[in-house]
Amino acid sequence: MVSVSTLAAITVDGLAFGASLALLGVGITLVYGLGEVLNLAIGAFAVIAAISASLLTGEGVALPIAALASLGLVGVFGLVIDRTLLSLVYQSDGEERILLGIFTTLGLAVMLEGILINFVSSRYSLPLGIPPIDLGTTVVTGTSVVSIVVAAAVLLVLFAFLNRTFLGKATRTIFQDERGAQLVGIDPRKIRTLVFVLSAVVAGLAGLLVAARSNVGVGNAFQFTTFALIVSIVGGVRSLVGAVIAGALLGLVNTLANFFIGSYFATIILFGAAIVFLLFRPEVMSS
Amino acid sequence: MNTDTLPGARKLALVAAVFVLAPIPVAGSGYYVGVLTRVLLFALFALALNIVFGHNDQLFLFMGGLGGIGAYTTALIVDTVGVTAWLALPVAALLCGGIALSVSWISARRRFTVILISILTLNLQLVFSETFIGARDLTGGSTGFPYELFSVSGVAGAVGIPEEVALYYLILAFLMGGMVLYVWLINSKYGMAFEAIREDETAAESIGIDVVRYKTIAGFVAGVIIGIAGTLLAREATYITPSIFTFLAVDVIALVVLIVGGIRQTYGPIVGAVVVEAIEAGLSNYAADWRAAIFGALLIVLFLYFRSGVIVTVQNLLDEYNVLSGGGGGGSGRTPTETDAD
Numbered sequence: 003m004v005s006v007s008t009l010a011a012i013t014v015d016g017l018a019f020g021a022s023l024a025l026l027g028v029g030i031t032l033v034y035g036l037g038e039v040l041n042l043a044i045g046a047f048a049v050i051a052a053i054s055a056s057l058l059t060g061e062g063v064a065l066p067i068a069a070l071a072s073l074g075l076v077g078v079f080g081l082v083i084d085r086t087l088l089s090l091v092y093q094s095d096g097e098e099r100i101l102l103g104i105f106t107t108l109g110l111a112v113m114l115e116g117i118l119i120n121f122v123s124s125r126y127s128l129p130l131g132i133p134p135i136d137l138g139t140t141v142v143t144g145t146s147v148v149s150i151v152v153a154a155a156v157l158l159v160l161f162a163f164l165n166r167t168f169l170g171k172a173t174r175t176i177f178q179d180e181r182g183a184q185l186v187g188i189d190p191r192k193i194r195t196l197v198f199v200l201s202a203v204v205a206g207l208a209g210l211l212v213a214a215r216s217n218v219g220v221g222n223a224f225q226f227t228t229f230a231l232i233v234s235i236v237g238g239v240r241s242l243v244g245a246v247i248a249g250a251l252l253g254l255v256n257t258l259a260n261f262f263i264g265s266y267f268a269t270i271i272l273f274g275a276a277i278v279f280l281l282f283r284p285e286v287m288s289s
Numbered sequence: 353m354n355t356d357t358l359p360g361a362r363k364l365a366l367v368a369a370v371f372v373l374a375p376i377p378v379a380g381s382g383y384y385v386g387v388l389t390r391v392l393l394f395a396l397f398a399l400a401l402n403i404v405f406g407h408n409d410q411l412f413l414f415m416g417g418l419g420g421i422g423a424y425t426t427a428l429i430v431d432t433v434g435v436t437a438w439l440a441l442p443v444a445a446l447l448c449g450g451i452a453l454s455v456s457w458i459s460a461r462r463r464f465t466v467i468l469i470s471i472l473t474l475n476l477q478l479v480f481s482e483t484f485i486g487a488r489d490l491t492g493g494s495t496g497f498p499y500e501l502f503s504v505s506g507v508a509g510a511v512g513i514p515e516e517v518a519l520y521y522l523i524l525a526f527l528m529g530g531m532v533l534y535v536w537l538i539n540s541k542y543g544m545a546f547e548a549i550r551e552d553e554t555a556a557e558s559i560g561i562d563v564v565r566y567k568t569i570a571g572f573v574a575g576v577i578i579g580i581a582g583t584l585l586a587r588e589a590t591y592i593t594p595s596i597f598t599f600l601a602v603d604v605i606a607l608v609v610l611i612v613g614g615i616r617q618t619y620g621p622i623v624g625a626v627v628v629e630a631i632e633a634g635l636s637n638y639a640a641d642w643r644a645a646i647f648g649a650l651l652i653v654l655f656l657y658f659r660s661g662v663i664v665t666v667q668n669l670l671d672e673y674n675v676l677s678g679g680g681g682g683g684s685g686r687t688p689t690e691t692d693a694d
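Chains G and P are the protein sequences, given in the same order. So the first sequence is residues 3 to 289, counted in our numbering. So the second sequence is residues 353 to 694, counted in our numbering.
Here it is, written out as structure tokens:
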């Protein structure tokens, strides 16, 4: 029998993993909702942020600065990808654009992994150096608590941006009605660039949070992408709130399953959830 | 000259002859025979993809996983039942066909878009991959086990050729069988139905074409071919591990092969496989570390600029210079084959 305190500690760890999943899911949902490009390279952004931050701290850079610098780096990288690769993808429409988006971002993911493995082949972590938090009866990992807090804060800021600012409202308008947005003078292409950069940074943060709790290597990139995909499928690929809830839930389920029945079943449960949702609610992916 | 039973049979026989002769100059080199064998294997995967994706808009991204199921099932049947691999392979292939059939049937019934099918099958691929690693009792996990079925060495010894060459001819036989099946399928009523459905699904349905039935049949045929190709892929490696059947190792390569050669082109999979394996062989000599990077870049460039493939491009070029009059697709199709196979 598992004690209540162990269960509480696992729950916190699960939510921390869920926080990273939620960020990844939001990253993929933002771009798909706005431009119908399913960014299969999103895991690469997460990994690039995690590895560059880890390398920077290794060089003696303070952790917060290293984290911000790495997020800036993936932001700039996202901008470059958007201006080059995605500009070409956006030239086509409808189903062809979606298909082209899948293949070019898949190619990008394979290419980035292939390039990176030549330079950074080991595994990297980003220890926060936070001691475990003693709650009297339960001891929870400090890093997990920080992960949850940081992710929640960033998501709140993101939602505030989308709901309160003009730019954010313009973004949501395109989500709902691209033609209408154009009619009132919003340039969808510029907003798409902004959102792609935003999604790259959000994915980068997810990578940093994972690296804070475990090791991250180039080989994890595709795994992160698949997690992001699962979250957005379960949450509904156009719903940001859905992505957050699905991320938290799947993180929790995965960590609990990991503890009780083993990691191999835990991963299968994740993919199984995505398949079940695809079969019974296929409308989540349709436009 | 076209016969009534199989249009283009002569061209196919010519291509087969080229491949029958191909190992002779390099028979002494296990490396080059290996390259040629991989050409055949990925042509086989791309052939299946051509049927199910090219002609039926069902993007299967679980070819690696399905191929793995074929390979592991064949080995398991041989192990547990004690029959020869020649009996186990058809059972395994039918199982793969059944899985693909179910996916196609559900997708067609629920009118899944090509994107939805691709994401569904990608998820299945990841489940299969995870299962191969996790189900250690059956698969040996990441360690794997030696895979030397089909008693190829016996046959090779009897005829007096190297084992790899015997295996090459075995796989060639399967590929040519697949090609005959493909040519027959596309020129039959099935091919006509595929074309009608691809043009306009609703219109096809309105003139009485059973869309679900045809898509399911295409899925089944592709599944059977993929199951066989997967088994042969493991046999070629002589050792089976889950890493042979990953998404990046099979699906990405098969996609690149099909697009390079030309989607919906009869010889697209073969031409594509020759080009891709020639690139791969060149890379392994000079830039092995950059293999993945270059294939990723290739995937991007192909889809953005080169979606018609080598065959159509070469044909257009030749037409432009009036070298070729209509109907000479075979000539242009073989040009890259001969130049790249050296």
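Think of the CB as a built atom: it goes at the ideal place given N, C-alpha and C, for glycine as much as any other residue. From a predicted model like this one, the values you see are computed outputs, not experimental measurements.
Every unbroken stretch of the alpha helix (DSSP H) spanning 4 or more residues and falling wholly within the region 5–51 of chain G is given here in chain order: 6–37. A straight line joining the alpha-carbon of S540/P with that of T31/G spans about 43 Å.
Exposed is the label assigned to E672/P, since fewer than 16 other Cβ atoms lie within 10 Å of its Cβ. Judged by beta-carbon spacing, I277/G lies within the 8 Å limit of L476/P, meaning their Cβ atoms are closer than that value. Using a Cβ-Cβ cut-off of 8 Å, E180/G is close to nothing in chain P; its nearest Cβ partner there is about 18 Å away.
Spatial neighbours of F47/G in its own chain (CB-CB distance under 6 Å, excluding positions within 5 residues in sequence) are listed in chain order as V76, A202, A205, G206.
Put simply, the region 590–598 of chain P touches the region 483–493 of chain P. At least three CB pairs are less than 8 Å apart. Exclusion of the five residues before and after A208/G leaves S22, L25, L26, A48 as the residues of its chain whose Cβ lies within less than 6 Å of its Cβ. The contact set of T269/G on chain P, defined by CB atoms closer than 9 Å, consists of L478, V479, E482, G486 in chain order.
Interface with chain P (8 Å Cβ-Cβ cutoff): N217/G is excluded. Below 8 Å, too few C-beta pairs join the region 428–443 of chain P and the region 639–651 of chain P to call them touching: fewer than three. Y591/P sits in a strand when the DSSP states are folded into three classes.
Under the Cβ distance rule, G27/G does not count among the residues neighbouring chain P, no pair being separated by less than 8 Å. Each residue's CA atom was taken as its position, placing I104/G and I467/P some 8 Å apart. For the options L428/P, C448/P, E516/P, G624/P, the alpha carbon positioned closest to that of A570/P is the one of C448/P. Secondary structure note for N539/P: its alpha helix (DSSP H) is the uninterrupted segment 515–539.
With 16 or more neighbouring CB atoms inside 10 Å of its own CB, G16/G falls in the buried class. Under a 10 Å Cβ-count criterion, S216/G is classified as exposed, with fewer than 16 other Cβ atoms of the shown protein chains found around its own Cβ. For F464/P, the chain G residues whose C-beta falls within less than 8 Å of its own C-beta are P284, listed in chain order. Across the structure, A43/G and L656/P are spaced so that their CA atoms are roughly 17 Å apart. By a beta-carbon distance limit of 8 Å, L418/P contacts A452/P. Their separation comes to about 6 Å. Residue pairing of I135/G in beta bridges, as defined by DSSP: V142/G. Contact note: T31/G does not reach chain P at a C-beta cutoff of 9 Å; the least C-beta distance is about 14 Å. V91/G and L102/G do touch by the CB rule: their CB atoms are close to 5 Å apart, below 8 Å. Within 7 Å of the CB of D431/P, no CB atom of chain G is found; the nearest one sits about 22 Å away. For P129/G, no alpha helix (DSSP H) encloses it, and the DSSP letter there is neither H nor E. Here DSSP, grouped into helix, strand and coil, assigns P359/P to coil. The Cβ neighbour count for F282/G, taken over all protein chains shown within 10 Å, is under 16; the residue is labelled exposed. Nearest to Y384/P by C-alpha distance, out of A368/P, Q667/P, P514/P, is P514/P.
One thing to note: I421/P has its Cβ no nearer than 8 Å to the Cβ of L280/G. With respect to chain G, the C-beta atom of S470/P has a partner C-beta closer than 8 Å. When the beta-carbon positions are compared, L519/P and V504/P come within less than 8 Å of each other. Between the region 658–665 of chain P and the region 614–630 of chain P, the count of C-beta pairs closer than 8 Å reaches three or more; the two stretches touch. Between the alpha carbons of A223/G and A581/P lies a gap of roughly 28 Å.
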